[in-house]
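>
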Amino acid sequence: MYRVCFVQGWKPDDLKVHVSWEFSVGDSSSKGSTKTYKGGINPDIFEQFRIDIGNRAARSFARAIKRGSLKATIYYDRGFLKKAGEIGVATVKVADWENLAEIHEAVSVMDGRKQTATKLEVKLRIREPVGGAQCEFTDMRWLIIGKSGNVPSNPAPSLAPPKQAGGRRPSPNVRRRQ
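First residue of the sequence shown? That's 68 in this note's numbering, and the numbers climb one at a time after it.
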């Protein structure tokens, strides 16, 4: 999700935005783009992409994860027969995949070296961390009060209304006089 600062004279409904991304890890790189979204200063783009990342068990892949990144460029359409203008570029490092299966962060969008007021929220997910699943074993002591033989034999009381004489329950639609 991101917020765009407008040039004077623009209306929020005039803005058409799309995001182009490039994911490079090691020797392989994947590219793609989202659909163009129109309307509002906070367009929410909910699109999913599947990327083939190669052999995860290879040591070269683990080394490439430390240097790899996702580069997302935000464009706006300027009009008919005109090239799309670039708002800025956001870069997300994927080094956290070594210990985590999901990276979810809001990244500042840069226009060259200058930071803009725009943010891009990115969620990257991998099936399991590259360094292996992080399992944590803990020993906990439990406090048990009472004897194990003191379990009541009758079941918990029911929440049903009491039976009337004659074995019939009152209808829920009928009011009783008091």
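By construction, the Cβ of each residue, glycine as well, lies at the ideal position given by its N, Cα and C atoms.
Since this is a predicted model, take the numbers as computed values, not measurements.
Just to confirm my understanding: we take I212, look at its own chain, exclude 5 residues before and 5 after, and list those with CB closer than 8 Å. What are they?
none
> Output needed for S87: all residues of its chain with C-beta closer than 6 Å, excluding positions within five of it in sequence on either side, in chain order.
S100 and T140, listed in sequence order.
> Three-state secondary structure (DSSP) at E89?
DSSP, reduced to helix, strand and coil, places E89 within a strand of the structure shown.
> Please report the distance separating the alpha-carbon of D163 from that of I170.
CA-to-CA, the gap between D163 and I170 works out to about 7 Å.
> Whose C-alpha, out of M177, L210, V84 and D119, is nearest the C-alpha of K102?
Residue V84 is the option with its Cα nearest to K102.
> What is the DSSP secondary structure of K149, counted as helix, strand or coil?
coil
> Going straight from the alpha carbon of K150 to that of D144, what length do you get?
7 Å
> Going residue by residue through the region 155–204, where are the continuous beta strand (DSSP E) segments of at least 3 residues, counting only ones entirely within it?
169–178 and 181–192
> Cβ atoms of I118 and E165: under 8 Å apart, would you say?
no
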